[in-house]
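Below: the structure, in structure tokens.
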Amino acid sequence: CVCVSVRVCLCVSLSLSVPPGVTCDCNGKSSECFYDAELYRATGHGGHCRNCADNTDGPNCERCLDNYYREGGSSRCLACSCNTVGSESPQCDSRGVCACKPGVGGEKCDRCQPGFHSLTEAGCRPCACSPSGSTQECDVNTGQCRCKDHVEGFSCDRCKLGYFNLEPSNPQGCTACFCFQHSSVCDSADGFSVHAISSAFHTDAEHWTGQQRDGSSVPVQWSPSGQEISLISDDYFPMYFVAPEKFLGNQLLSYGQNLSLSFRVDRRDTRLSAEDLVLEGADLRVAVPLIAQGNAYPNENMQTYVFRLHDSTDYPWRPTISHADFQKLLHNLTSVKIRGTYSERSAGYLDNISLVTARRGPGAPARWVERCTCPQGYQGQHCEQCTLGYRRARPELGAFSACEPCNCNGHSDACNPDSGACDCRDNTAGLSCERCKDGFYGDATHGSSGDCQPCPCPAGATCAVVPKTREVVCTNCPAGTTGKRCELCDDGFFGDPLGQSGPVRACRACKCSDNIDPNAVGNCNRETGECLKCIHNTDGFFCDRCMEGFYGNALATNVADKCKRKRRVNDNKTAAEDALKKIPAINATIAAANQKTKQAEAALGNAAADAREAKNKAEEAEKIASNVQKVRQEICWWGRSQIQETFRALALVSFSRLSAGNIDKVDLSKLNQIDESLKRARGQMGDSKLDMKLTELNDVARTQEDMINHYDRQIREIRADIANLNDIKNTLPDGCFNTPSLEQP
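Numbered per mature numbering (1 follows the signal peptide of the UniProt record, and there is no 0), the sequence shown spans residues -24 to -1, 1 to 721.
This is the structure in structure tokens:
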């Protein structure tokens, strides 16, 4: 063959059977060809190219070699490069895509398809992943499934610790255990079925109410024809539908379930907010827009809106709270609000509200209800109770409080799980059996059965131990008794409880006919019962008669009707008043005597022989002055100083003269004048009957002195009682004031 051009060759055959002028067409991929008779017979031309370039082949180098393909419209042929393990053959199609074995993917069959793993000669094996707990993908080399957030296991077929109820509709796979935060181990409870709390408004508004954002109430309209409720607004401020009681309370079993409703508006210019659905409870609050969770914008047509009650970020409740707080909120749900109006002069219509929950009984199983495996000290479906021997560490937290062992100081094996109060034995009492019960004494915190011993006191009395002496002293003695052993009658009572003076006589209240001061001490004799402090002018053993000089009814209930003074007593009173009126005359006499004294001082001479008599007169004057001073002190205090000073002046005059050595200069006539003046003064005093009044006043003074002495004795007794009580108080531990005593009968 002779090539006359790049694409045409003229072949000359030595065989006579070869047609002359045969040409070769190699598409520029070869410069050599040969005559192919068979090709000639088949196609009418017998030029067959050889040594085709660029991975081409064929009589005319018109196609790619096996396991090669032509890239697009170019003349180049590229290797298929099919994976020998994953492909069915090394040949690929015109796009370079290889034919893969089952489960194998990729253009070159070099990897497993999604949902398959472990490339082998037989292809890839399907992933054995749980559709509920996985993303339906697995590791292409190991087959380990890719799990949802709360799922684990090679096939993502089990919940992580702290989670339960694997279900496909849960984007996290499993629900967190609640268990009041006391346990992280739970599973689905048996015996619960699906239930729904709903309102369809067939007959009325079913206690739904309306509320503005500030909390003020607005009326809700019910439509008998549409069987729906509505809120109508005149301004832009939003109004809310407020759910009734049946949707509130403990809705823990609705966690992870749906709240659905039907809603429409009468105007399209709806401006939504971040708080279209609001849940409140347990001092927590979350809200979500109406269009969240894939819901559509509201319009004039009723549309269904579904909200999943879950803390997942797929359900944008704001603020974001933990699953524990979301469940805590639902456990004490106090408010559900649905926004009803969105613009001025608009209305919103609500219908078919449904809250999915669960209840015990037959029906479709509610697998989302948990059953907790409780640690020691807890019991109940949700570990909401303390077991026997445990109590709440913080009772104010209720079921959320931790449980701790009862602290009963060894005197009880059980306590109230809520209050922690022990069921005390061994004669102990108190929240933790930390003290002896009434009628016993000792230290209950030692923890032995003999910690508390009976009080050596009458029944009903308590006792305490004096720290210094360790003496047991009775307290809270029975009414009417007192003393360390309640052996004495109390003030206002009499008797002999121990029989110290004869037969035993119980203490009884003294009977003084209501004629004593109930606030006074020592009203009667504690042994005989004799009344000692009668008032209202009464007297007698029982204060049951009038005093001497008084008349009336000592037993009268009205004080005004009790004992009154007799006429003679009134006359004496009048005489005393007359004597007081004579005080000015006495003062005048004293003034005259004072003047006489001054005259006597000027007239004193050298009568030394009579000086001693003057001294005697002066001493007598001093005595008279003293007596007059006493009378004046009892009758009228305002004049006493002048009487005393006057007569003391007389004495001082005489003594001053005598002490100065003037004894021989005394004038006897002047002394006689002094003597006469004093006699006249004493006479005037005698006319005033001051001696008689002085006697009466002395009697009164003695009576008052006796009463004062009696009060002193009572005060000493009271002080002794106070000292005894202080000793008892010192026996009590710190912090025990105003509490029952440590030792009780």
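Beta carbons: idealized from backbone N, C-alpha and C, even for Gly. Every value quoted in this text rests on a predicted model; they were computed, and no experiment measured them.
| Check | Outcome |
| --- | --- |
| Cβ neighbours of C28 in the same chain (closer than 6 Å, five flanking residues each side left out) | K5, S6, C37 |
| Exposed unless 16 or more other CB atoms sit within 10 angstroms - verdict on V604 | At V604 the pLDDT is 41, less than 50, meaning the model places this residue with poor confidence and gives no usable figure here. |
| Helix, strand or coil at S319 [DSSP, three-state] | coil |
| Contact belief for D402 with H387 at Cβ below 8 Å, rounded distance in angstroms | 5 Å |
| DSSP-derived helix/strand/coil call for R695 | helix |
| The stretch 260 to 280 contacting the stretch 293 to 306, beta-carbon criterion three pairs below 8 Å | yes |
| Three-state secondary structure (DSSP) of C155 | helix |
| Sequence-distant residues of the same chain with beta carbon closer than 8 Å to Q352, five excluded per side | T363 |
| Euclidean distance between Cα positions of S160 and W293 | 24 Å |
| Reference A98, options C88, A104, S106, closest by Cα | C88 |
| Own chain residues within Cβ distance below 7 Å of A13, not counting five before or after | G22 |
| Residues that M215 bridges to, as DSSP identifies them | Q188 |
| Host alpha helix (DSSP H) of E14 (start-end) | 13 to 19 |
| Rounded separation between S238 and T60 - CA only | 59 Å |
| E524 - DSSP class collapsed to helix/strand/coil | coil |
| Classification of D69 by the beta-carbon crowding that lies within 10 angstroms, buried from 16 upward | exposed |
| Secondary structure of A272, DSSP reduced to three states | coil |
| Sequence-distant residues of its chain with Cβ nearer than 6 Å to S174 (five each side left out) | S330 |
| Local conformation of D301 per DSSP, three classes | helix |
| C(-1), buried or exposed, once every other Cβ within 10 Å from all chains shown has been counted against 16 | buried |
| Range of the contiguous beta strand (DSSP E) that encloses S388 | Taken as a continuous stretch (DSSP letters only), S388 belongs to no beta strand (DSSP E), as it is neither H nor E. |
| A536, DSSP secondary structure in three states | helix |
| Cβ pair G232, L309 closer than 8 Å | no |
| The stretch 274 to 281 contacting the stretch 126 to 140, beta-carbon criterion three pairs below 8 Å | no |
| Reduced DSSP category for S425 - H, G, I as helix; E, B as strand; rest coil | coil |
| Residues of its chain near residue 722, where Cβ-Cβ distance is below 8 Å and the 5 sequence neighbours each way are ignored | Outside the shown range of the chain (-24 to 721) lies residue 722, about which nothing can therefore be said. |
| Pair within 8 Å by beta-carbon distance, R370 and C379 | no |
| Beta-carbon proximity check, L428 vs G418, cutoff 8 Å | It is worth fixing the name first, because residue 428 is Cys in this sequence and not Leu. Closer than 8 Å, so yes. |
| Cβ-Cβ distance between E463 and F156 below 8 Å | no |
| Beta-carbon spacing of D30, R52 below 8 Å | yes |
| Close Cβ partners of A104 (< 6 Å) along its chain, the five nearest in sequence each way excluded | S131 |
| Contact set for A165: own chain, Cβ-Cβ below 7 Å, skip 5 residues either direction | V345, E346, R347, Q357 |
| Beta strand (DSSP E) segment containing L255, residue limits | 253 to 257 |
| Outcome for Q197 when other beta-carbon atoms lying within 10 angstroms are tallied against a minimum of 16 | exposed |
| Cα-Cα separation between D180 and P195, rounded to whole angstroms | 13 Å |
| Sequence ranges, beta strand (DSSP E) only - wholly within the stretch 333 to 414, length at least 3 | 346 to 348, 366 to 368, 379 to 381 |
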